[in-house]
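For reference, the structure discussed in these notes is given below.
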Amino acid sequence: MEHIYDMIIIGGGPSGYTAALYAARAGLDTVVVERMAAGGQMALTDIIDNYPGFEEGVDGFTLGMKMQQGAERFGAKTEYAEVVSVDFSGKIKKVNTTSGELLSKTVLISTGANPRELGFDGEKELTGRGVHYCAHCDGGFYRGKTVVVVGGGNSAVSDALHLSRIAKKVFLVHRRDTLRATKIYHDPLMKAENVEFLWNSTVVGVKNDVRVNGAVIKNVQSGEIKEIECDAVFVSIGRKPATEFLGGSVELDSNGYIVADETTKTNVDGVYAIGDVRTKALRQVVTAVSDGAVAVHFAEEYLSFLN
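Structural data, given as C-alpha coordinates:
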(Lines of atoms letter the chains of each structure in order from A; the text may use other names.)
(Lines give C-alpha, C1' and ligand atoms only; values in the text may rest on other atoms or scores of the structure.)
Protein backbone atom coordinates (compact mmCIF):
# COMPACT_ATOMS: atom_id res chain seq x y z
CA MET A 195 0.00 0.00 0.00
CA GLU A 196 1.13 3.55 -0.71
CA HIS A 197 2.08 5.60 2.32
CA ILE A 198 -0.47 8.25 3.28
CA TYR A 199 0.82 11.11 5.43
CA ASP A 200 -1.31 13.03 7.87
CA MET A 201 0.19 16.25 6.55
CA ILE A 202 2.27 17.38 3.59
CA ILE A 203 3.76 20.84 3.87
CA ILE A 204 4.82 22.35 0.55
CA GLY A 205 7.67 24.75 1.22
CA GLY A 206 10.29 24.83 3.97
CA GLY A 207 10.22 28.48 4.97
CA PRO A 208 9.45 29.78 8.48
CA SER A 209 5.72 29.04 8.19
CA GLY A 210 6.37 25.56 6.80
CA TYR A 211 8.81 24.43 9.46
CA THR A 212 6.77 25.99 12.25
CA ALA A 213 3.80 23.96 11.04
CA ALA A 214 6.02 20.87 10.82
CA LEU A 215 7.15 21.41 14.42
CA TYR A 216 3.61 21.78 15.73
CA ALA A 217 2.31 18.86 13.66
CA ALA A 218 5.11 16.42 14.47
CA ARG A 219 5.00 17.34 18.14
CA ALA A 220 1.27 16.55 18.08
CA GLY A 221 2.05 13.10 16.68
CA LEU A 222 1.05 13.74 13.07
CA ASP A 223 2.94 11.92 10.33
CA THR A 224 4.42 14.95 8.59
CA VAL A 225 6.67 15.65 5.62
CA VAL A 226 8.00 18.97 4.32
CA VAL A 227 8.65 19.17 0.58
CA GLU A 228 11.34 21.78 -0.08
CA ARG A 229 13.00 22.37 -3.43
CA MET A 230 16.18 24.09 -2.20
CA ALA A 231 17.07 24.67 1.45
CA ALA A 232 15.36 25.43 4.75
CA GLY A 233 14.34 29.03 5.28
CA GLY A 234 13.00 30.05 1.87
CA GLN A 235 13.48 33.76 1.12
CA MET A 236 14.51 34.24 4.75
CA ALA A 237 17.67 32.23 4.11
CA LEU A 238 18.90 34.98 1.75
CA THR A 239 18.84 37.62 4.50
CA ASP A 240 22.20 38.38 6.10
CA ILE A 241 20.88 39.54 9.46
CA ILE A 242 17.36 39.42 10.89
CA ASP A 243 17.02 41.90 13.75
CA ASN A 244 13.25 41.79 14.24
CA TYR A 245 12.71 38.13 15.17
CA PRO A 246 12.27 37.72 18.95
CA GLY A 247 14.81 35.78 20.97
CA PHE A 248 18.01 36.80 19.17
CA GLU A 249 19.28 39.90 20.92
CA GLU A 250 22.20 40.28 18.50
CA GLY A 251 20.15 39.32 15.45
CA VAL A 252 20.53 36.10 13.46
CA ASP A 253 21.29 35.36 9.83
CA GLY A 254 18.39 33.92 7.86
CA PHE A 255 20.17 30.73 6.84
CA THR A 256 20.98 29.84 10.44
CA LEU A 257 17.44 30.58 11.60
CA GLY A 258 16.03 28.42 8.81
CA MET A 259 18.30 25.51 9.76
CA LYS A 260 17.32 25.83 13.42
CA MET A 261 13.64 25.74 12.47
CA GLN A 262 14.21 22.62 10.38
CA GLN A 263 16.16 20.90 13.15
CA GLY A 264 13.47 21.75 15.69
CA ALA A 265 10.78 20.13 13.54
CA GLU A 266 12.88 17.07 12.72
CA ARG A 267 13.64 16.57 16.42
CA PHE A 268 9.99 15.52 16.81
CA GLY A 269 9.97 13.31 13.72
CA ALA A 270 9.05 15.58 10.82
CA LYS A 271 10.66 14.48 7.55
CA THR A 272 12.09 16.60 4.76
CA GLU A 273 11.83 15.61 1.09
CA TYR A 274 14.04 17.67 -1.21
CA ALA A 275 12.05 17.94 -4.43
CA GLU A 276 10.00 20.41 -6.44
CA VAL A 277 6.21 20.15 -6.55
CA VAL A 278 5.03 20.17 -10.15
CA SER A 279 1.27 19.64 -9.72
CA VAL A 280 -1.39 18.75 -7.17
CA ASP A 281 -4.78 17.04 -7.06
CA PHE A 282 -6.98 18.10 -4.15
CA SER A 283 -10.23 16.64 -5.53
CA GLY A 284 -10.46 13.68 -3.15
CA LYS A 285 -10.20 13.13 0.60
CA ILE A 286 -6.66 11.91 0.01
CA LYS A 287 -4.66 14.74 -1.53
CA LYS A 288 -2.08 14.03 -4.22
CA VAL A 289 1.14 16.03 -4.52
CA ASN A 290 3.25 15.27 -7.57
CA THR A 291 6.94 16.09 -7.19
CA THR A 292 10.12 15.64 -9.21
CA SER A 293 10.81 12.64 -6.95
CA GLY A 294 7.40 11.02 -7.32
CA GLU A 295 3.87 11.21 -5.96
CA LEU A 296 3.07 11.83 -2.28
CA LEU A 297 -0.31 11.25 -0.64
CA SER A 298 -1.74 12.98 2.42
CA LYS A 299 -4.93 13.67 4.34
CA THR A 300 -4.09 17.39 4.64
CA VAL A 301 -1.84 19.79 2.73
CA LEU A 302 -0.34 23.07 3.89
CA ILE A 303 0.88 25.39 1.11
CA SER A 304 3.87 27.42 2.25
CA THR A 305 5.55 28.38 -1.01
CA GLY A 306 5.91 32.10 -0.31
CA ALA A 307 6.18 35.00 -2.71
CA ASN A 308 9.24 36.10 -4.61
CA PRO A 309 10.08 39.80 -5.01
CA ARG A 310 9.89 41.14 -8.54
CA GLU A 311 13.32 42.19 -9.73
CA LEU A 312 14.31 45.17 -11.84
CA GLY A 313 16.68 43.07 -13.94
CA PHE A 314 19.80 45.24 -14.02
CA ASP A 315 23.28 43.73 -14.15
CA GLY A 316 24.55 42.68 -10.74
CA GLU A 317 21.16 42.75 -9.05
CA LYS A 318 21.29 39.13 -7.91
CA GLU A 319 24.95 39.29 -6.90
CA LEU A 320 24.42 42.40 -4.76
CA THR A 321 21.26 41.17 -3.04
CA GLY A 322 21.92 41.62 0.66
CA ARG A 323 24.89 43.87 -0.09
CA GLY A 324 23.00 47.04 -0.85
CA VAL A 325 20.17 45.66 -2.98
CA HIS A 326 17.13 44.81 -0.87
CA TYR A 327 13.46 43.94 -1.27
CA CYS A 328 12.13 44.53 2.26
CA ALA A 329 12.56 47.91 3.93
CA HIS A 330 11.09 46.75 7.22
CA CYS A 331 13.52 43.81 7.27
CA ASP A 332 16.73 45.57 6.21
CA GLY A 333 16.13 49.30 6.60
CA GLY A 334 17.73 49.40 10.04
CA PHE A 335 21.16 48.83 8.49
CA TYR A 336 20.97 52.23 6.78
CA ARG A 337 20.29 54.52 9.71
CA GLY A 338 21.65 57.96 8.88
CA LYS A 339 22.53 56.94 5.32
CA THR A 340 21.18 57.61 1.82
CA VAL A 341 18.86 55.10 0.16
CA VAL A 342 16.86 54.71 -3.04
CA VAL A 343 13.37 53.20 -3.19
CA VAL A 344 12.08 52.04 -6.58
CA GLY A 345 8.31 51.89 -7.18
CA GLY A 346 5.15 53.93 -6.88
CA GLY A 347 2.55 51.62 -5.35
CA ASN A 348 1.44 51.18 -1.75
CA SER A 349 4.38 48.98 -0.78
CA ALA A 350 6.96 51.37 -2.27
CA VAL A 351 5.44 54.42 -0.59
CA SER A 352 5.14 52.56 2.72
CA ASP A 353 8.80 51.56 2.40
CA ALA A 354 9.83 55.14 1.62
CA LEU A 355 7.92 56.44 4.67
CA HIS A 356 9.49 53.82 6.91
CA LEU A 357 12.98 54.59 5.60
CA SER A 358 12.44 58.36 5.93
CA ARG A 359 12.37 57.88 9.71
CA ILE A 360 15.68 56.02 9.63
CA ALA A 361 17.77 57.25 6.73
CA LYS A 362 19.32 60.68 6.22
CA LYS A 363 17.99 60.88 2.65
CA VAL A 364 15.47 58.87 0.62
CA PHE A 365 15.15 59.07 -3.17
CA LEU A 366 11.83 57.66 -4.43
CA VAL A 367 12.23 56.62 -8.07
CA HIS A 368 9.03 56.03 -10.05
CA ARG A 369 8.62 55.47 -13.77
CA ARG A 370 5.47 57.62 -13.93
CA ASP A 371 4.82 61.24 -12.93
CA THR A 372 2.28 60.41 -10.21
CA LEU A 373 2.11 57.76 -7.51
CA ARG A 374 -0.14 54.73 -7.87
CA ALA A 375 -0.39 54.40 -4.09
CA THR A 376 -3.67 55.17 -2.35
CA LYS A 377 -4.20 58.80 -1.29
CA ILE A 378 -3.78 58.08 2.41
CA TYR A 379 -0.02 57.69 1.86
CA HIS A 380 0.47 60.86 -0.18
CA ASP A 381 0.33 63.61 2.43
CA PRO A 382 2.78 62.17 4.97
CA LEU A 383 5.21 61.29 2.20
CA MET A 384 5.04 64.76 0.67
CA LYS A 385 5.64 66.29 4.09
CA ALA A 386 8.76 64.20 4.74
CA GLU A 387 11.58 66.70 4.29
CA ASN A 388 14.24 64.09 3.53
CA VAL A 389 12.33 62.42 0.66
CA GLU A 390 13.11 63.49 -2.91
CA PHE A 391 11.06 62.27 -5.89
CA LEU A 392 12.64 61.26 -9.18
CA TRP A 393 9.66 61.07 -11.55
CA ASN A 394 9.51 59.32 -14.94
CA SER A 395 12.62 57.39 -13.97
CA THR A 396 13.90 53.95 -13.11
CA VAL A 397 17.08 52.35 -11.80
CA VAL A 398 19.02 50.65 -14.61
CA GLY A 399 22.16 49.80 -12.68
CA VAL A 400 24.17 50.31 -9.52
CA LYS A 401 27.69 51.41 -8.74
CA ASN A 402 29.52 49.19 -6.30
CA ASP A 403 32.76 48.37 -4.62
CA VAL A 404 31.81 45.06 -3.01
CA ARG A 405 28.66 46.86 -1.74
CA VAL A 406 26.32 49.33 -3.43
CA ASN A 407 27.60 52.91 -3.36
CA GLY A 408 25.52 54.49 -6.10
CA ALA A 409 22.56 54.09 -8.44
CA VAL A 410 22.29 54.67 -12.19
CA ILE A 411 19.01 56.43 -12.97
CA LYS A 412 17.40 56.64 -16.41
CA ASN A 413 14.67 59.08 -17.35
CA VAL A 414 12.19 56.94 -19.31
CA GLN A 415 10.98 59.92 -21.36
CA SER A 416 14.20 61.70 -22.32
CA GLY A 417 16.57 58.76 -22.01
CA GLU A 418 18.91 60.88 -19.86
CA ILE A 419 21.21 58.87 -17.59
CA LYS A 420 22.55 60.16 -14.30
CA GLU A 421 24.24 58.69 -11.25
CA ILE A 422 23.47 59.44 -7.62
CA GLU A 423 25.41 58.41 -4.55
CA CYS A 424 23.56 56.07 -2.22
CA ASP A 425 24.19 53.24 0.20
CA ALA A 426 21.30 50.98 -0.81
CA VAL A 427 18.58 50.39 -3.38
CA PHE A 428 15.25 49.02 -2.14
CA VAL A 429 13.28 47.45 -4.98
CA SER A 430 9.57 47.65 -4.20
CA ILE A 431 7.72 46.85 -7.41
CA GLY A 432 5.64 44.01 -6.05
CA ARG A 433 5.90 40.32 -5.34
CA LYS A 434 4.90 37.26 -7.28
CA PRO A 435 3.36 34.45 -5.22
CA ALA A 436 4.61 30.96 -6.01
CA THR A 437 1.29 29.39 -6.99
CA GLU A 438 1.73 28.31 -10.62
CA PHE A 439 1.96 24.62 -9.73
CA LEU A 440 -1.53 24.68 -8.17
CA GLY A 441 -3.24 24.77 -11.55
CA GLY A 442 -6.42 26.39 -10.26
CA SER A 443 -6.95 23.82 -7.50
CA VAL A 444 -7.56 26.53 -4.87
CA GLU A 445 -9.02 30.02 -5.06
CA LEU A 446 -6.59 32.87 -5.75
CA ASP A 447 -7.13 36.61 -5.45
CA SER A 448 -6.56 39.10 -8.28
CA ASN A 449 -2.84 39.28 -7.45
CA GLY A 450 -2.34 35.52 -7.45
CA TYR A 451 -2.23 35.00 -3.67
CA ILE A 452 -4.21 32.15 -2.13
CA VAL A 453 -7.47 33.33 -0.60
CA ALA A 454 -7.30 32.38 3.09
CA ASP A 455 -8.17 34.38 6.20
CA GLU A 456 -6.64 34.17 9.69
CA THR A 457 -7.79 30.54 9.99
CA THR A 458 -5.50 29.80 6.99
CA LYS A 459 -8.30 27.67 5.49
CA THR A 460 -8.61 27.70 1.70
CA ASN A 461 -11.80 26.98 -0.21
CA VAL A 462 -10.81 23.29 -0.28
CA ASP A 463 -11.37 21.18 2.83
CA GLY A 464 -8.10 19.92 4.30
CA VAL A 465 -5.95 22.43 2.41
CA TYR A 466 -4.41 25.46 4.13
CA ALA A 467 -2.30 28.43 3.00
CA ILE A 468 0.38 29.80 5.31
CA GLY A 469 3.01 32.50 5.18
CA ASP A 470 3.59 34.96 2.36
CA VAL A 471 1.59 32.94 -0.20
CA ARG A 472 -1.78 33.76 1.40
CA THR A 473 -3.77 37.00 1.40
CA LYS A 474 -2.63 39.04 4.39
CA ALA A 475 -1.78 42.56 5.50
CA LEU A 476 1.80 42.00 6.71
CA ARG A 477 4.38 39.57 5.38
CA GLN A 478 7.11 39.06 7.98
CA VAL A 479 8.84 36.08 9.60
CA VAL A 480 6.77 36.47 12.78
CA THR A 481 3.47 36.47 10.90
CA ALA A 482 4.60 33.43 8.89
CA VAL A 483 5.40 31.36 11.97
CA SER A 484 2.06 32.36 13.46
CA ASP A 485 0.30 31.02 10.36
CA GLY A 486 2.08 27.69 10.76
CA ALA A 487 0.81 27.19 14.29
CA VAL A 488 -2.74 28.30 13.41
CA ALA A 489 -2.95 25.98 10.39
CA VAL A 490 -1.98 22.91 12.40
CA HIS A 491 -4.68 23.71 14.96
CA PHE A 492 -7.36 23.69 12.27
CA ALA A 493 -5.81 20.73 10.44
CA GLU A 494 -5.96 18.67 13.64
CA GLU A 495 -9.61 19.66 14.00
CA TYR A 496 -10.26 18.58 10.40
CA LEU A 497 -8.43 15.26 10.88
CA SER A 498 -10.44 14.44 14.01
CA PHE A 499 -13.62 14.55 11.94
CA LEU A 500 -12.01 12.81 8.95
CA ASN A 501 -10.93 9.86 11.04
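Residue numbers for the sequence shown follow this note's numbering, so the first one is 195 and each next one is one higher. Cβ atoms here follow ideal geometry from the backbone N, Cα and C, with glycine treated the same way. Since the structure is predicted, the reported quantities are computational estimates derived from the model, not experimental observations.
Distance, residue j Cα to residue i Cα
| i | j | result |
| --- | --- | --- |
| Ser484 | Lys420 | 44 Å |
| Glu249 | Ile241 | 12 Å |
| Arg472 | Ile411 | 34 Å |
| Leu296 | Pro309 | 29 Å |
| Val488 | Lys287 | 20 Å |
| Leu383 | Glu423 | 22 Å |
| Gly294 | Ser279 | 11 Å |
| Gly251 | Ala482 | 18 Å |
| Leu446 | Val367 | 30 Å |
| Gly284 | Val225 | 19 Å |
| Gly338 | Arg229 | 39 Å |
One or two residues paired with residue i in a DSSP bridge
| i | result |
| --- | --- |
| Ser298 | Tyr199 and Lys287 |
| His326 | Phe428 |
| Glu423 | Gly408 |
| Val343 | Leu366 and Phe428 |
| Val227 | Ile204 and Glu273 |
| Arg472 | Ile452 |
Host alpha helix (DSSP H) of residue i (start-end)
| i | result |
| --- | --- |
| Tyr211 | Pro208 to Arg219 |
| Ser484 | Val479 to Leu500 |
| Glu266 | Gly254 to Arg267 |
| Leu357 | Asn348 to Ser358 |
| Leu383 | His380 to Lys385 |
Limits of the unbroken beta strand (DSSP E) element including residue i
| i | result |
| --- | --- |
| Ala275 | Here Ala275 belongs to no beta strand (DSSP E), and DSSP marks it neither H nor E. |
| Asn394 | Note, Asn394: premise wrong, no beta strand (DSSP E); not H, not E. |
| Ala307 | Ala307 to Pro309 |
| Pro435 | Arg433 to Pro435 |
| Thr467 | The residue you asked about is not Thr; residue 467 is Ala in the sequence shown. That run of the beta strand (DSSP E) goes Val465 to Ala467. |
Any chain B beta carbon closer than 7 Å to residue i
| i | result |
| --- | --- |
| Glu421 | Within the model displayed, chain B is absent; a lone protein chain is all it includes. |
Would you call the segment 457 to 468 and the segment 300 to 309 in contact, with 3 or more CB pairs under 8 Å? yes
Would you check if the segment 201 to 221 and the segment 268 to 275 touch, i.e. whether three or more CB-CB distances between them fall below 8 Å? yes
Would the segment 337 to 354 and the segment 427 to 434 be scored as touching if the rule is three or more Cβ pairs under 8 Å? yes
Quick one: any contact between the segment 317 to 334 and the segment 375 to 395, if contact means 3 or more CB pairs under 8 Å? no
For the pair the segment 394 to 405 and the segment 355 to 363, tell me if three or more CB-CB distances fall below 8 Å. no
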